[in-house]
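Quick notes on the structure that follows.
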Amino acid sequence: MSKPRDDLRDQPLDNPDMNLFTDGSSYYEEGWKCTGFAVTTETKVLLAGPLPPTLGAQGAEIVALTKAAQYVIGIRVNLYTDSKYAFGVCHATGMLWKERGFLTSAGKTIAHGQQIKELLEVIQLPSELAVICIKAHTNQENQLAKGNELVDQAAKAAARQVIFAMTLTHQGELDRELPDMQKLYEELPEEERQLWEKLGAEQQNGQWTLGGKPLLPKRYLIPIARWHHEKTHGGPENIALRVQRLWAAPGIYTAIKRVCEGCRLCKQYASLKIKAPAGKRPPATYPFQKLQIDYAEMPRAMGYAYLLVIVDQLLGWVEAFPTRKNDSKAVVKALLKEIIPRSWRRGEVPEDWRKANVTPVLEKGKKEEDPGNYRPVSLNSIPGKVMEQLILGVINKHVEEKKVIGGGQHGFTKGKSCLTNLIAFYDGMTGWVDEGRAVDVVCLDFSKAFDTISHNILISKLRKCGLDEWTVRWCRGFTPASS
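Here it is, written out as structure tokens:
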């Protein structure tokens, strides 16, 4: 298979004039597709810029190699890429596509055909050339790894400029040409330049940045504010946050406030806003029904710096536990060590543990239009689920040790399932048939059995099975007394 030039190598040249690294990047951020390329040495970014969002990562890799080849006219150079696709285009598939007119077997133009054509043309420009494929993200300390990491970061940063460009130009124009970010700073007033310098801004390659973000000139504040406000008609605080994710923009809040105050739609519908009533918390009616949990910061002593405080809302009874950190782990530890055992011993269950968000989930293969094809899935509180598992473990252990359930039950039995039930059923039926016995099968299904049966009967069954009174009382507290 022919190459675009006879002396093209896939191993590094000895003593080259330059070693260059190329990369393309394409990803989504803030709902926009960001695409860009970069060309670097081991330590310095030479070329980088955004690309139209119609290009993907593979197309960006091809563009990066093209830009690098144009940069090194007439010299000996090693071009490194971590893209096997771009490497293959240079050494194998590129010329194959060229011979076929960059068309597929169906007569359609191949993906990135124009970019591949341009690469095959400019690949002739260096006096000697090697295109080498290297591994990405190796976490090594050699020069190749450092150069590849630098070009990867530069390509991602360049791709992000697409978002900036989208806020400065009509989106429909982006497929044709992206605006030059450096043109933002043309005709920059001297007083604004001095202000930026006082703020600690830096200028590099014609672009101004502050805190790693591009600076937005004052003349663009109102257009940017209006562009973002018209998308959501949000308030000044919300819009300012959206702008500041992308730009360093001194004065943006004032500009957004002016835009919001002058918005006709916001004025028209502002009077229709309905203030939501203040939230209310129903009082507890019995001890341990509602618990209030919060942290208090204390002077550090023996490694402890916080106090986890738990208050019974009805009695006002306070429990406090010193903790080293004010995180969820300390809360879970207190619940497991103190609160859950008390709940079990007293048979009292906090109200929130019994609450659940019920979400309808469509059964697999069923039609969405029929409400009967949905089954409810209950999302319980985390402490409630933990306590359920602990109680279930106690019940399962008792049932297994005391042999409460016969061997013929498969549902809700550890190690058994519908499959084991079917196997046992099939084995029994075939055995009787082989013996010449008549077999009649009656299948019964109780609709909503748990919802229709009295829970008092279930509780009495637990007692009859010999379960300890603490567990029985907790189960009564967790379920309604009757249906």
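First residue of the sequence shown: 1, per UniProt numbering; consecutive thereafter.
Built from N, CA and C at the ideal position, the CB exists for glycine as well.
Given the structure is predicted, the values throughout are model-derived calculations rather than measurements.
Kindly indicate the opening and closing residues of the alpha helix (DSSP H) around residue i.
i: Tyr253; result: 252 to 261
i: Arg345; result: 340 to 346
i: Asn421; result: 418 to 434
i: Tyr85; result: 84 to 88
i: residue 484; result: Nothing in the structure corresponds to residue 484, since the chain is present only between 1 and 483.
i: Glu351; result: 351 to 354
i: Gln115; result: 113 to 122
i: Leu462; result: 455 to 464
i: Ala225; result: 221 to 232
i: Val331; result: 328 to 334
Quick check on the burial criterion: 16 or more other C-beta atoms within 10 angstroms. Buried or exposed for residue i?
i: Gln161; result: buried
i: Val131; result: buried
i: Pro299; result: exposed
i: Ala106; result: exposed
i: Asp175; result: Low local confidence applies: a pLDDT of 37 at Asp175 is under 50, so the model's placement there is unreliable, with the coordinate-based value given in what follows. It is exposed - the Cβ of Asp175 has fewer than 16 other Cβ atoms within 10 Å.
i: Met302; result: exposed
i: Val442; result: exposed
i: Leu419; result: exposed
i: Trp432; result: exposed
i: Ile382; result: exposed
Specify the secondary structure class of residue i as computed by DSSP and reduced to three states.
i: Phe446; result: coil
i: Ala373; result: Rather than Ala, the amino acid found at residue 373 in this sequence is Asn. Helix, per DSSP.
i: Glu128; result: strand
i: Glu297; result: strand
i: Lys33; result: strand
i: Lys367; result: coil
i: Thr169; result: Note that Thr169 scores 48 on pLDDT, short of 50, meaning its location in the model is unreliable; the coordinates nonetheless yield the value given after this. It is coil, neither helix nor strand.
i: Gln194; result: helix
i: Met95; result: helix
i: Tyr71; result: helix
i: Asn380; result: strand
i: Gly24; result: strand
i: Glu319; result: strand
i: Ala305; result: strand
i: Asp312; result: strand
i: Asn238; result: helix
i: Trp208; result: strand
i: Arg9; result: strand
i: Ala159; result: helix
i: Asn19; result: strand
i: Gly49; result: strand
i: Lys213; result: strand
If we ignore side chains and look at the alpha-carbon of each, how far apart do residue i and residue j end up?
i: Gln140; j: Lys146; result: 8 Å
i: Pro179; j: Met95; result: The pLDDT assigned to Pro179 is 47, lower than 50, so where the model puts this residue is not dependable; a value taken from the coordinates is nonetheless given after this. The alpha-carbon atoms of Pro179 and Met95 are separated by roughly 33 Å.
i: Asn326; j: Leu308; result: 8 Å
i: Pro53; j: Ile110; result: 18 Å
i: Ala69; j: Asn78; result: 10 Å
i: Gly384; j: Asn456; result: 21 Å
i: Gly74; j: Asn142; result: 28 Å
i: Asn421; j: Ala438; result: 21 Å
i: Gly316; j: Pro287; result: 9 Å
i: Ser447; j: Gly372; result: 13 Å
i: Pro4; j: Ile224; result: 46 Å
i: Arg346; j: Gly407; result: 34 Å
i: Leu188; j: Leu195; result: 11 Å
i: Gly235; j: Cys266; result: 9 Å
i: Lys355; j: Trp474; result: 15 Å
i: Val151; j: Thr93; result: 25 Å
i: Ala255; j: Trp227; result: 12 Å
State yes or no: is the beta carbon of residue i nearer than 8 Å to at least one beta carbon in chain C?
i: Lys146; result: Reference to chain C is not applicable here, since this structure consists of a single protein chain.
Is the Cβ-Cβ distance between residue i and residue j less than 8 Å?
i: Thr66; j: Val122; result: yes
i: Ala159; j: Pro50; result: yes
i: Ile340; j: Leu390; result: yes
i: Ser26; j: Ala57; result: yes
i: Arg76; j: Glu128; result: yes
i: Glu61; j: Tyr85; result: yes
i: His91; j: Leu8; result: yes
i: Val349; j: Phe478; result: yes
i: Arg375; j: Glu363; result: yes
i: Leu210; j: Leu221; result: no
i: residue 504; j: Tyr304; result: It is not possible to answer for residue 504, since the shown part of the chain is limited to 1 through 483.
i: Val39; j: Tyr71; result: yes
i: Lys218; j: Gly262; result: no
i: Gln115; j: Gly59; result: yes
i: Gln292; j: Gln268; result: no
i: Arg476; j: Ile459; result: yes
i: Glu369; j: Glu338; result: no
So does residue i have its beta carbon nearer than 7 Å to some heavy atom of the ligand NAP?
i: Gln114; result: Absence of the ligand NAP is noted for the structure shown, with no ligands found whatsoever.
If you follow the beta strand (DSSP E) that residue i is in, where does it begin and where does it stop?
i: Gln203; result: 202 to 204
i: Val77; result: 76 to 81
i: Val439; result: Where Val439 is concerned, there is no enclosing beta strand (DSSP E), given that its DSSP letter is neither H nor E.
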